[in-house]
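Notes follow once the structure below has been shown.
There are 2 protein chains.
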Amino acid sequence: MNAPLDLEARAHSEHAQELRLWLRLLTCSQLIEKRVRAGLREQFDTTLPRFDLMAQLERHPEGLKMKELSHRLMVTGGNVTGITDQLVAEGLVERLGVDGDRRAFRVRLTGRGHAAFAAMATQHEQWIVDAFEGLAPRDLDQLHRLLGKVKQHQLDINARLDPDPIE
Amino acid sequence: MNAPLDLEARAHSEHAQELRLWLRLLTCSQLIEKRVRAGLREQFDTTLPRFDLMAQLERHPEGLKMKELSHRLMVTGGNVTGITDQLVAEGLVERLGVDGDRRAFRVRLTGRGHAAFAAMATQHEQWIVDAFEGLAPRDLDQLHRLLGKVKQHQLDINARLDPDPIE
DNA sequence: TATTGTTATACTCTATAACTATA
DNA sequence: TATAGTTATAGAGTATAACAATA
C-alpha cells in the first residue's frame with residue numbers, strides 16, 4: 106500500500122477551507138478503509154460489502170428482505186442478490202419465505218454465520234480502536250457530533266434531490 | 106441512489122464510541138463521494154481517479170513521473186498507466202522524456218487539459234461548498250483540525266507497518 | 001541486480017435494464 | 001399495473017505478476 110502523499114492537492118481556490126476539509130475527510134476514510142478491507146481479506150477471506158451485509162443481519166435476527174438490505178447498504182438490488190448468493194453458498198446466511206408474500210424472502214444469519222460474524226466483528230473493532238487511539242475521548246465526541254451535522258446535511262440534500270422517503 | 110439508512114448498524118459493543126465515529130465518518134465520505142462521482146460522470150463524462158490525476162498535474166506544471174503519480178494517488182503502477190493512456194488519447198495530458206533517465210516519463214497537462222480541468226474544478230468546488238454549507242466556519246475549522254489528528258495517526262500507523270518512506 | 005513503466009489478467013463492486021413471479 | 005427479486009451485461013477500479021528497457 107502506498108503512502109497518501111498529496112491527495113489534498115485538489116484544493117486550490119477561495120473556497121479552500123471546504124475543499125481542504127473534504128480532501129482530509131476523504132483521505133482519513135480511505136486510509137482506514139484500506140486497512141479494514143485488507144484485514145478482512147487477509148484474515149477472513151471476505152470483503153467489506155459482505156461484512157456490512159452480515160452486520161445488518163446481526164442487528165435484525167428475524168431477518169431482512171432483499172429490498173431492505175438494498176436500501177440499508179445503499180446499493181441496487183442485483184448486488185444484494187450476488188452477495189447473498191455467495192453467503193448462502195458458504196452457509197453463512199439463509200433465505201426464508203415471507204408469510205403472505207410469495208415474491209419476497211427474509212435473509213437471516215445461520216448459526217455458523219452468526220459465529221463467523223462475531224469473530225470478524227471482534228477483530229474489526231480492534232482495527233477501529235487502533236485507528237482512533239491517538240484521540241482523546243473528548244475529541245472523539247466532538248468529531249462524532251460535527252460529523253453528525255455533516256451527515257444530516259447530506260441526507261437533507263439527498264432527500265431534496267430524490268424525494269424517495271424511507272418506507 | 107438509495108438512502109443510507111443504517112450503515113451504523115456495525116457498531117455493537119463496549120467500544121461503541123470509536124465504532125460509531127468510524128461508521129459516521131465512512132457514511133459522510135461515501136455520501137459526498139457518490140455525488141461527486143455522479144456529477145463528474147454526468148456533467149463531464151469522467152471519473153474521480155481521472156480527476157484526481159489531473160488535479161495532481163495541475164499542482165505540478167512541470168509534470169510528474171508515473172511512479173510519483175502512483176505514490177500520490179495511492180494506487181499501483183498499472184492503474185496509472187491505464188488512466189494516463191485514456192487522458193493522452195483525449196489530448197488532456199502528454200508524456201515527456203526525462204533528461205538522464207530514458208526509462209521514465211514526465212506526465213503533464215496539455216493546454217486543453219488545463220482548460221478542461223479548470224472547468225471541472227470550478228464545478229467540483231461548488232459541490233463541496235454545498236456539501237458543507239450547513240456548517241459554521243468555526244465548525245469547519247474544528248473538523249479540519251480534528252481530522253488532522255486522525256490523518257496523522259493513520260500515517261504513523263502506515264509508516265510503522267510499512268517502513269517505505271517518501272522519496 | 002534493481003528500477004521504471006507496461007502489459008495481461010482476474011476479481012470485486014457497482015449500475016442498468018430486461019426478465020420472472022407474484023401482488 | 002406495480003412490486004420483489006433475479007439475471008445478464010458492462011464498466012469502474014483495483015491488485016498481482018510477468019515482462020521489456022534502462023540504470
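Sequences listed follow chains A and B, in order. Quick note on our numbering: the first sequence kicks off at 106 and runs consecutively. Quick note on our numbering: the second sequence kicks off at 106 and runs consecutively. Every residue, glycine too, gets a C-beta built ideally from N, C-alpha and C.
CA-to-CA distance, residue j to residue i, given in whole angstroms
i, j, result
"Asp150(A)", "Ala223(B)", "42 Å"
"Pro270(B)", "Gln259(B)", "With a pLDDT of 37 at Pro270(B), under the threshold of 50, the modelled position of this residue cannot be trusted; read the value that follows with caution. For Pro270(B) and Gln259(B), the distance between alpha carbons rounds to 14 Å."
"Glu123(B)", "Ile233(A)", "6 Å"
"Arg200(A)", "Gly216(A)", "13 Å"
"Ala264(A)", "Val203(B)", "51 Å"
"Val198(A)", "Ser134(A)", "29 Å"
"Gly183(B)", "Glu195(B)", "19 Å"
"Leu110(B)", "Ala209(B)", "Only weak support exists for where Leu110(B) lies, its pLDDT of 47 falling under 50; the value from the coordinates is given anyway. In a straight line, the C-alpha of Leu110(B) is about 48 Å away from that of Ala209(B)."
"Gln148(A)", "Ala241(A)", "29 Å"
"Thr152(B)", "His165(B)", "20 Å"
"Leu178(B)", "Ile188(A)", "29 Å"
"Lys170(A)", "Ala220(A)", "21 Å"
"Arg211(B)", "Ile262(A)", "41 Å"
"Ala160(B)", "Arg140(B)", "18 Å"
Residue span of the alpha helix (DSSP H) that contains residue i, given as start and end
i, result
"Ala209(B)", "Careful: Ala209(B) lies outside any alpha helix (DSSP H) and carries neither H nor E."
"Gly187(A)", "Gly182 to Ala194"
"Thr227(A)", "Gly216 to Ala236"
"Lys256(A)", "Pro242 to Leu266"
"Lys172(B)", "Met171 to Leu178"
"Asp157(B)", "Leu153 to Arg164"
"Glu147(B)", "Ala121 to Phe149"
Below-7 Å beta-carbon distance, residue i vs any chain A residue
i, result
"Leu124(B)", "yes"
"Leu145(B)", "no"
"Val185(B)", "no"
Cutoff 7 Å: residue i Cβ touching any chain B Cβ
i, result
"Arg130(A)", "First, the residue type needs correcting, since residue 130(A) is Leu and not Arg in the sequence shown. True, the Cβ-Cβ gap to chain B drops below 7 Å."
"Gly239(A)", "yes"
"Val198(A)", "no"
"His219(A)", "no"
Element boundaries [beta strand (DSSP E), containing residue i]
i, result
"Glu199(A)", "Val198 to Val203"
Per-residue burial, residue i [other beta carbons within 10 Å of its own, 16 or more giving buried]
i, result
"Asp157(A)", "buried"
"Gln257(B)", "exposed"
"Thr132(A)", "buried"
"Thr181(B)", "exposed"
"Arg273(A)", "The structure shown does not extend to residue 273(A), since chain A spans only 106 to 272, so no value can be given for it."
"Gln231(A)", "exposed"
"Leu155(A)", "Note on residue identity: the sequence assigns Arg, not Leu, to residue 155(A). Arg155(A) should be labelled buried."
C-beta atoms of residue i and residue j nearer than 7 Å
i, j, result
"Arg207(B)", "Gly168(B)", "no"
"Arg129(B)", "Leu245(A)", "no"
"Leu126(B)", "His229(A)", "no"
"Val100(A)", "Leu174(A)", "The requested residue 100(A) does not occur in the structure, where chain A is confined to residues 106 to 272."
"Ile137(A)", "Ala236(A)", "yes"
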